[in-house]
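What follows is one structure encoded as structure tokens, with my remarks underneath.
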């Protein structure tokens with residue numbers, strides 16, 4: 020079958036790139052096909068202006084203006100949506116007529132909507148979803164008794180039976196218990212330890228509520244942070260209130276021997292509370308540097324206090340700026356004049372001024388920063404509005420600019436707590452050390468305003484730094500991009516000539532902590548039983564017992580243990596691996612061990628000579644097998660004579676990894692856990708340490724949150740169920756894991 024070829028006339032563009040003239044276009048106009056032209060008539064109003072007129076209400080609409088075509092969408096809306104009053108009236112009359120004649124018309128068959136008619140009604144599922152809604156959005160439990168909600172639910176589903184207050188309360192607690200069991204099973208499977216933080220909330224009835232949050236790394240090296248308990252304490256000022264809450268949490272989650280660090284806020288604790296918690300921490304966690312991992316300050320609260328004090332020190336100037344912003348924002352006329360001046364002065368700032376929320380110090384910082392960029396407009400505003408007589412002076416603006424410099428330092432430092440994922444412990448060292456360095460430098464400034472502003476801030480931050488620098492530094496050492504090098508660099512800038520002493524404290528601390536992990540991993544020492552013959556026999560459990568009499572020289576070297584000859588009625592002295600590790604630093608013990616090694620070697624040579632004399636050699640060749648068996652023995656001997664480097668020393672001596680922005684430190688340790696089996700366990704616990712006790716929504720708070728009257732009226736079990744279940748459900752529960760840094764919460 021042949022295909023007809025239709026000739027196509029090419030279109031040649033004109034020289035001036037204009038559209039093809041009307042002479043080459045067909046004379047036949049395209050017929051309008053839209054249904055709107057059944058209701059509209061086209062009218063030419065002027066040169067190049069064509070409008071569409073409604074045939075019913077005679078209202079005119081834009082259609083063509085010059086080269087712009089308005090389209091027909093607005094014309095359709097005029098008819099279809101009943102905007103046209105004449106059309107709306109006619110449709111209403113037609114509807115009334117149809118209703119009046121409905122009894123005489125045949126009944127049309129209704130077709131069910133596919134996918135919905137087949138779904139059966141489930142009362143239990145509806146109850147579950149209502150309980151979940153109440154938990155997720157903090158609706159009051161009494162919402163199920165509100166008439167408006169009851170009518171709404173019955174309109175959606177007439178078969179639904181509205182539940183009572185007690186029923187929905189039981190459903191919420193049941194959901195909490197179900198999620199708690201899942202979380203408990205998950206925590207029991209983690210290989211490492213868990214860290215806790217304590218935060219205190221007070222009700223109007225002066226009843227305290229301790230919020231206990233847990234932080235840990237799971238088997239897949241994902242960092243998790245979740246609320247574990249909300250414990251009511253009748254007397255929050257009691258010295259043992261927090262201690263009782265911690266004991267209750269450890270028992271509830273089976274964490275008696277798995278506590279690593281404990282963090283709290285110094286603002287609600289005192290010396291007695293800290294001593295009680297430190298004593299409890301030392302008992303529950305005797306290995307971790309003798310209970311030194313008690314973090315007594317919340318980083319976010321410390322920075323918040325510094326920001327508040329900085330704002331208070333220049334409070335009068337800050338008030339002038341706030342009043343000026345209020346003058347502009349509370350009047351439409353003033354605001355219009357303000358932005359008119361901004362356009363005239365061509366101020367390049369894209370920020371808009373706003374009134375701050377004084378319960379959030381970051382909003383005050385944002386208000387001041389925006390006002391500083393628009394200070395030229397404020398300076399000229401007095402000439403345009405005579406009533407504006409509170410304009411700040413140039414000295415005031417200079418003070419605010421300096422203040423904003425340090426507020427920005429604080430804002431950037433705590434911004435890591437407001438991201439989508441919670442940072443691991445190594446990230447805090449960079450921010451804390453930067454604040455410490457900048458305040459130290461500013462306190463020695465020649466500018467009296469800067470020095471007077473920052474000296475009180477430095478004194479307060481020095482206390483936080485002295486309490487936390489060790490754990491902060493140990494955490495950043497676990498980052499293979501920095502290790503001890505960053506500690507050495509930053510300490511030299513902070514401490515100057517005294518940096519070496521502080522660097523040694525960090526180095527000794529991390530080595531001591533590593534030895535404690537080594538001691539936990541070692542098996543119990545073997546038992547030595549005396550017998551006349553020097554044979555080795557297996558124990559019943561598959562172990563080995565050495566039976567021998569003490570040699571004449573009084574020393575026995577076996578499996579790394581040294582025993583000195585005792586009197587007949589004295590038990591032999593055993594030295595554990597942990598004690599040997601500490602004794603290696605002593606010159607006396609090193610010399611003592613060398614003498615013992617020489618004596619043992621001489622004994623081995625003597626035994627070999629005796630054996631060679633007793634059993635004459637039958638083989639004239641000195642090589643055995645392929646001749647490399649003796650080489651393997653030689654390698655094992657020289658390897659044993661040299662002290663092996665520990666995993667920690669090997670890790671520290673290796674070169675640093677290059678700095679990349681999205682480096683996954685937890686993923687790196689996951690890949691290298693076989694290379695550093697003991698050090699990786701230590702890194703898992705260290706990198707999960709929390710340095711803040713508040714959630715991301717409370718990082719910038721200037722006031723402590725109070726428990727509202729509704730929640731404080733609930734039973735303690737119900738209150739804990741509602742708050743904890745929301746935390747667990749908010750981020751998808753345990754099914755979600757974090758990558759890279761960390762999941763901010765569950």
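In my numbering, the protein residues as written are 20 to 765. We put the CB at the ideal spot given by N, CA and C, even for glycine. Owing to the predicted nature of the structure, the values given are computational and were not obtained by experimental measurement.
Inter-residue spacing [alpha-carbon to alpha-carbon] between residue i and residue j
i, j, result
"residue 703", "residue 260", "30 Å"
"residue 745", "residue 194", "10 Å"
"residue 428", "residue 454", "7 Å"
"residue 389", "residue 371", "6 Å"
"residue 526", "residue 701", "15 Å"
"residue 242", "residue 318", "19 Å"
"residue 218", "residue 713", "7 Å"
"residue 284", "residue 316", "5 Å"
"residue 266", "residue 442", "27 Å"
"residue 105", "residue 79", "14 Å"
"residue 249", "residue 730", "12 Å"
"residue 354", "residue 336", "22 Å"
"residue 275", "residue 445", "26 Å"
"residue 57", "residue 86", "24 Å"
"residue 675", "residue 504", "9 Å"
"residue 257", "residue 294", "13 Å"
"residue 706", "residue 673", "20 Å"
"residue 400", "residue 331", "27 Å"
"residue 563", "residue 534", "For residue 563, the pLDDT reaches just 34, beneath the cut-off of 50, and the residue's location in the model is therefore unreliable, although a value from the coordinates is still provided. For residue 563 and residue 534, the distance between alpha carbons rounds to 26 Å."
Cutoff 6 Å; reference residue i; Cβ partners in own chain excluding five residues on either side
i, result
"residue 709", "214, 216, 234, 282"
"residue 251", "228, 735"
"residue 408", "none"
"residue 277", "212, 213"
"residue 321", "483"
"residue 450", "432"
Own chain residues within Cβ distance below 7 Å of residue i, not counting five before or after
i, result
"residue 462", "470, 473, 474, 477"
"residue 61", "69, 71, 82"
"residue 96", "102"
"residue 172", "179, 181"
"residue 692", "699"
"residue 63", "69"
"residue 247", "231, 232, 233, 268, 272"
"residue 506", "492, 495, 496, 522, 525"
"residue 457", "428"
"residue 145", "179"
"residue 398", "410"
Beta-ladder partner(s) of residue i, from DSSP
i, result
"residue 399", "Answer by DSSP bridge pairing: none, since residue 399 is not bridged."
"residue 218", "230"
"residue 83", "69, 88"
"residue 60", "72"
"residue 379", "720"
"residue 726", "222"
"residue 314", "282"
"residue 340", "In DSSP, residue 340 forms no bridge with anything."
"residue 213", "278"
Endpoints, alpha helix (DSSP H) assigned at residue i
i, result
"residue 474", "467-496"
"residue 393", "Element bounds for residue 393: n/a, residue is neither H nor E."
"residue 191", "184-207"
"residue 673", "Premise fails: residue 673 is in no alpha helix (DSSP H) and is neither H nor E."
"residue 519", "518-540"
"residue 367", "First-last for residue 367: undefined, no H or E at that position."
"residue 146", "142-156"
"residue 696", "696-706"
"residue 681", "From DSSP, residue 681 is part of no alpha helix (DSSP H); its letter is neither H nor E."
"residue 745", "735-749"
"residue 503", "502-514"
"residue 167", "166-175"
"residue 448", "445-462"
Own chain partners of residue i with C-beta closer than 8 Å, once the 5 adjacent residues on each side are dropped
i, result
"residue 210", "238, 700, 703"
"residue 191", "150, 153, 154, 160, 737, 740, 741, 744"
"residue 183", "163, 164"
Open item on the list: In chain order, what are the residue ranges of uninterrupted alpha helix (DSSP H) at least 4 long that sit wholly in the region 219-284?
Closed with: 260-271
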